[in-house]
Amino acid sequence: LHNACLNVGFFYAKGHGLQAGLAEGVMAQARRWFGLPEEEKRRIALSPASHYRGWQRLGSNHPAAAASPAAARPATGLGVPRHGRLQDAEFQRLLRAYIGGCLQLGAAILRGIALGLQLPESYFEGDVAGDSYWVTRIIHYPPLQPESSQQAGSGQQAGSSQPPGGAGAGAGGAAGGGEELSCGEHTDYGLLTLVFQQEGVTALQVKNAAGRWVDAPPLPGTCVVNIGDMFRLLTNGLYTPTAHRVLNSSGRDRISAPFFYETNFEAVIGPHPQFCRDR
3 LHNACLNVGF FYAKGHGLQA GLAEGVMAQA RRWFGLPEEE KRRIALSPAS
53 HYRGWQRLGS NHPAAAASPA AARPATGLGV PRHGRLQDAE FQRLLRAYIG
103 GCLQLGAAIL RGIALGLQLP ESYFEGDVAG DSYWVTRIIH YPPLQPESSQ
153 QAGSGQQAGS SQPPGGAGAG AGGAAGGGEE LSCGEHTDYG LLTLVFQQEG
203 VTALQVKNAA GRWVDAPPLP GTCVVNIGDM FRLLTNGLYT PTAHRVLNSS
253 GRDRISAPFF YETNFEAVIG PHPQFCRDR
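Counted the way the working numbering counts, the sequence shown spans residues 3 to 281.
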């Protein structure tokens, strides 16, 4: 784990403990839900009133869009009900089980990473990430069309945030040379991202040390894991998150349900003294 985080920032996790077929069940339910009429999906549209949790239509989330100042946005308070908006008992049941499994997997990986960093195995428990303010997003990426314009939009999204129920967020955009993307180049802001990929659809790409984009194809029985920006801060630059993007040129629709394992909501993250001695 230490070598993967230090040198690559991405790795595959096998023997992850998630119930067999659970991730596939979530994606199957998501595919059915995204196929509903727009007026039905609009009933749980993302808005300030929903604390920015809910559905976003195709193309509505783009990296070029200017973000509104924090002072202009309503506060998102802890304890605000965030789930139940899907109005689908089976989808909710699967999502709750999926989220629970991802929380267990993320905690286990963090214990291994702590040991690799020569920190106590329980370092990420308690006040750091023992009560993770996690986020789940469920994203539909339509296949990119070869003749489409250079301006790309994000896939339509819905998702969950702790406790179950949150806003999907992502980005589309044009790559250098006018190449259209499903989700533009970025790093993740938190600790860990877990992605159980749809079988048979290769769309996730990772930028290697030479600056080239490398496919991260789905491998049976595995989960793709990457570290986020919080690790850069915590390790004083020892761990560096790796840029990645989504390019769905497979000709098939792609469903993704990334799970973002974050720190505690009120955790204060800074360089650990151990990583400041010789840097």
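Glycine residues also receive a C-beta, built at the ideal position from the N, C-alpha and C atoms. No experiment lies behind these values; they were computed from the predicted model shown.
Where the alpha helix (DSSP H) through residue i begins and ends
i	result
Tyr100	Ala91 to Gly118
Cys7	His4 to Asn9
Gln31	Leu24 to Phe36
Leu235	Asp231 to Leu236
Glu268	Per DSSP, Glu268 belongs to no alpha helix (DSSP H) and is neither H nor E.
Glu41	Glu40 to Lys43
Short Cβ contact (9 Å threshold) for residue i with residue j
i	j	result
Leu183	Leu146	yes
Val137	Ala269	no
Ala218	Gln199	yes
Leu121	Leu240	no
Ala46	Gly37	The identity of residue 46 in the sequence shown is Ile, whereas the question assumes Ala. No.
Trp35	Phe126	no
Integer Cβ distance of residue i from residue j, believed to fall under 8 Å
i	j	result
Leu48	Leu96	Not quite, the Cβ-Cβ distance comes to about 21 Å (not below 8 Å), so this is no contact.
Phe277	Thr237	5 Å
Thr265	Ser134	7 Å
Leu3	Ile115	5 Å
Neighbourhood of residue i by C-beta, 7 Å cutoff - its chain only, sequence neighbours within 5 removed
i	result
Phe13	Ala6 and Val227
Leu117	Glu123
Met29	Gln200, Ile257 and Ala259
Beta-carbon contacts of residue i that lie in its chain and below 6 Å, excluding the five residues immediately before and after
i	result
Ala32	Ile140 and Ile257
Asp190	Gly230
Gly178	The pLDDT assigned to Gly178 is 48, lower than 50, so where the model puts this residue is not dependable, and the model offers no usable value.
Pro275	none
Glu187	Ala245 and Arg247
Tyr100	Leu24 and Val28
Leu235	Ile271
Delimiting residues of the beta strand (DSSP E) encompassing residue i
i	result
Glu187	Cys185 to His188
Phe198	Element bounds for Phe198: n/a, residue is neither H nor E.
Ile140	Val137 to Tyr143
Asp217	Trp215 to Asp217
Arg279	Per DSSP, Arg279 belongs to no beta strand (DSSP E) and is neither H nor E.
Chain-order list of residues whose beta-carbon lies under 8 Å from that of residue i (same chain, five-residue window excluded)
i	result
Cys104	Leu20, Trp136, Thr138, Leu196, Phe261 and Tyr263
Review point. With a cut-off of 8 Å, do at least 3 Cβ pairs link the region 95-113 to the region 186-204?
Key: In short, these stretches touch, since the Cβ pair count reaches three.
Check your understanding: For the region 11-22 against the region 247-261, are there 3 or more C-beta pairs whose distance is under 8 Å?
Key -> Remark: fewer than three beta-carbon pairs, one from each stretch, lie closer than 8 Å, so the region 11-22 and the region 247-261 are not flagged as touching.
Point to revise | Inter-stretch contact at 8 Å, needing at least 3 Cβ pairs: the region 198-208 / the region 238-247 | key: With three or more CB-CB distances shorter than 8 Å, the region 198-208 counts as touching the region 238-247.
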